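Colleague: Next up is a structure, given as structure tokens.
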Amino acid sequence: MIRYIYANDLNNFPKLKRSMFLDRADQFKTRLGWDVQVNAQGEERDEYDALNPLYVIWEKADGTHGGSMRLLPTTSSCMVNDHFLNLTDGVRIQSPLIWECTRFCLSRDAESRTAAALMLAGGEVMCGFGVEHYVGVFDARMVRIYRMIGSSPEILGAQGEGREKISVGLWSFTDQAREAVARRAGISLELSKNWFDRSFGRAPQYALARTA
Amino acid sequence: MAMKQRLELILEELERARELEALQAAIVALRDLFSVDHMVYHWVNSDGEQYGCGTYSSDWVELYVAKDYLRIDPVIVGCYQNFHPVDWKRLDWSSKAARTFQAEAIEHGVGNQGFSVPIRGPNGQFALYTVSHNCDDEEWGEFTEQHRRDLILIAHEFNKKALDFEPSRTPEQSRALSPREVDAMTLLAMGYSRAQVADTLSISEHTLRVYIESARFKLGAMNTTHAVARAMSRGLIVV
């Protein structure tokens, strides 16, 4: 299932938390060879994890991490504006309607639908909170994965070549894209909404109130 | 349309303000404009200092402070350090303390409905912009759906202004446009269509949309037309 958890609530999910930071080390350090910090416990974290980001996490049946991404507002410190202005033509992308999505991570043994499930959840956040775009930093391998799940970002700028290539991209999410991603994930829109409500509190039930 | 223009006017006055009192005048005007019972802006800066303005009765504000409701108010507890807007119905009102608090709030005219936008500023600054009203769920659902975008933008305008009054702050730093944003706004001001602007700058229309949105935020405007007008009146672009 998908969980939406702010960093300061991660301690309520110790198994999920531990396995997420381990999987991030495995993906970014071991498999991709990025210059990231891995601590003595084998967990990968950076300064943005200390800013109370909102994690969107796919939790496997055994309670461990299957995949995740990290959301932050662009109106305060975020990776794109702090480190990648050279890829956005010098434009500091800032708006309460644009959030940053980084550290998109899949565990080694993630089910094939995990990436699509995360994108679906990203759409849920947009819909629920009035977010119109995500801006994110990702590598060449992710470009392929995004294309596979039918949710390719618009590339704003890129540096490096081949596997080393780092891009800043932009997502918008139409209703059609949402349905397509839901099909790839094999998750109904109702179930997705239900997971969102479990994390953020039950949605106001206007329609029900009307028919009651 | 009249509402849109009035909203722009209120925000322009807010931006020109040189004193904190202007925030109070603006919030009263906005409350009236949106025809809701209350609007409140509340912030805590990096040193733990608090500031607030809004339309709650002084009785309620005094009681709130006296009873230290900051500690049990589900809106504060549920929004603090977060950054997603919240309908109050999604918050946890299940504890006895929260229910007592809610009953007292309603008694003091706060309303049974609320929508809050938390904002995370620099260096641990945190603020909350809240709209509250007395009506049924259906009416409130329609209101928040119709006005959510405006309310989010207004909340951030208040916070930008409040940050201007922070002693160590240089007001310009958050408002400067990058050369690329200036280019985009200039071409729009010259009457180019989005497609023509994108073509001229050799970027996609999606990318252009983000540059425009980013410039809109920095200019404190509610939409693109308003942003172009502001950029011109401030002399940031020359056509």
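Residue numbers (the numbering used here), protein chains in the order written: chain D, -16 to 195; chain U, 328 to 566. Even for Gly, the Cβ is constructed at its ideal location relative to N, Cα and C. Because the structure is a prediction, the values reported are computed rather than measured.
(1) For the segment 439 to 470 of chain U, which residues have a CB atom closer than 7 Å to at least one CB atom of chain D, in sequence order?
(2) When you compare the CB positions of residue 535 of chain U and residue 510 of chain U, do they come within less than 8 Å of one another, or not?
(3) So residue 50 of chain D is in the beta strand (DSSP E); what residue range does that whole segment cover?
(4) Please report the Cβ distance between residue 386 of chain U and residue 460 of chain U, rounded to the nearest whole angstrom; I am assuming they are in contact, meaning their Cβ atoms lie under 8 Å.
(5) Could you confirm whether any beta carbon from chain U is found closer than 8 Å to the beta carbon of residue 48 of chain D?
(6) Counting only beta-carbon atoms, is residue 85 of chain D nearer than 8 Å to chain U?
(7) Any idea if residue 171 of chain D is buried or exposed, counting beta-carbon neighbours within 10 angstroms, 16 or more meaning buried?
(8) Identify which residue in D/127, D/158, D/138 has its Cα closest to the Cα of residue 72 of chain D.
(9) By Cβ distance, which residues of its chain are closer than 6 Å to residue 10 of chain D, with the 5 residues on each side in sequence left out?
(10) Assign residue 383 of chain U to one of three DSSP states: helix, strand, or coil.
(11) Can you tell me which of D/82, D/113, D/156, D/168 puts its alpha carbon nearest to the alpha carbon of residue 541 of chain U?
(12) Looking only at C-alpha atoms, which of U/384, U/517, U/468 sits nearest to residue 442 of chain U?
(13) Using a Cβ-Cβ cut-off of 8 Å, state whether residue 419 of chain U counts as contacting chain D.
(14) Just how far apart, CA to CA, sit residue 508 of chain U and residue 544 of chain U?
(15) Excluding the 5 residues preceding and the 5 following residue 94 of chain D in the sequence, name in chain order all residues of the same chain whose CB lies nearer than 7 Å to its CB.
(16) Am I right that residue 488 of chain U and residue 350 of chain U are in contact with their C-beta atoms under 8 Å? What's the rounded C-beta distance?
(17) Give, in chain order, every unbroken run of the alpha helix (DSSP H) that is at least 4 residues long and sits entirely within the segment 460 to 544 of chain U.
(18) Going along the chain, which residues of the segment 474 to 489 of chain U sit with their C-beta nearer than 8 Å to a C-beta in chain D?
(19) With a threshold of 6 Å on Cβ separation, who are the neighbours of residue 148 of chain D within its own chain once the five nearest residues in sequence on each side are excluded?
(20) Does residue 418 of chain U come out as helix, strand or coil in the three-state DSSP assignment?
(21) Alpha carbons only, please: which of D/112, D/12, D/78, D/84 is nearest the one belonging to residue 484 of chain U?
(22) Does DSSP put residue 137 of chain D in a helix, a strand or coil?
(23) Name, please, each residue of chain D whose Cβ falls closer than 7 Å to the Cβ of residue 317 of chain U.
(24) Tell me where the alpha helix (DSSP H) around residue 2 of chain D begins and ends.
(25) Based on Cα-Cα distance, which residue from D/157, D/158, D/101 lies nearest to residue 132 of chain D?
(26) Quick check for students: name the residue ranges of the alpha helix (DSSP H) that lie wholly in the segment 24 to 107 of chain D, counting only runs of 4 or more.
(27) What residues of chain U sit near residue 116 of chain D, judged by a beta carbon separation below 7 Å?
(28) Just to confirm, are residue 0 of chain D and residue -6 of chain D a CB contact at a threshold of 8 Å?
(29) Can you list, in chain order, the residues of the segment 73 to 98 of chain D whose Cβ is nearer than 9 Å to any Cβ on chain U?
(30) To the nearest angstrom, report how far apart residue 404 of chain U and residue 396 of chain U are at their CA atoms.
Modeller: Let me lay it out:
(1) Listed in sequence order: 447, 448, 449, 464, 465, 468.
(2) no
(3) 48 to 56
(4) Contact flag wrong, Cβ pair sits at about 19 Å.
(5) no
(6) no
(7) exposed
(8) D/138
(9) 88
(10) coil
(11) Out of D/82, D/113, D/156, D/168, the CA that lies nearest to the CA of residue 541 of chain U is found in D/82.
(12) It is U/468.
(13) yes
(14) 11 Å
(15) Cβ within range, chain order: 49.
(16) 6 Å
(17) 464 to 491, 506 to 516, 521 to 528
(18) 475, 476, 479, 480, 482, 483
(19) In the same chain as residue 148 of chain D, and ignoring 5 residues on each side of it, the C-beta atoms closer than 6 Å to its own belong to 123, 141, in chain order.
(20) coil
(21) D/78
(22) strand
(23) There is simply no residue 317 of chain U to check, as chain U begins at 328 and stops at 566 in what is shown.
(24) -3 to 7
(25) D/101
(26) 62 to 66
(27) 537
(28) For the 8 Å CB-CB criterion, residue 0 of chain D and residue -6 of chain D form a contact.
(29) 73, 74, 75, 76, 77, 78, 79, 80, 81, 82
(30) Between residue 404 of chain U and residue 396 of chain U, the C-alpha separation is close to 10 Å.
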